[in-house]
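See structure below.
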Amino acid sequence: MSDDADGIKAKGEEALGELAQALLENPLFSQAVGRALGAGEKAMQAQKNALGAIDVASAGDVDRLTRRIRSLSDRVEELEDAVDELSRRLAAERTASQ
């Protein structure tokens, strides 16, 4: 970049930094941000309650169920492997005893 562009960029970054600092120090702005975050949390809770009232699973519920199904699937696979191994042993013993 040219020196002029670098200077303009630096001044712009400085101005943005000062603006952000001024906003963060402004109590009205801080209160507004706090209220907005609180409203977002309340809206999320209301949505969760509404979905629960009509018996629709939340994304968290679906995630937990998915993890549980994967865990059960892994356990079933382990059991299948164990049954296969027992079947092989039993077949080998039958062959050896004949």
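Residue numbers (this note's numbering): 225 to 322. No residue lacks a Cβ here, since even glycine has one placed at the ideal position from N, Cα and C. Values in this document were obtained by computation on a predicted structure and should not be read as measured data.
Contact between Leu247 and Phe253 holds, with the beta-carbon distance rounding to 5 Å and staying under 8 Å. About 6 Å separates the beta carbon of Lys272 from that of Ser282, a gap short enough to meet the 8 Å contact definition. Asp227: member of the alpha helix (DSSP H) spanning Asp227 to Glu249, first to last residue.
In this model, Glu301 and Ala263 are separated by some 46 Å (Cα to Cα).
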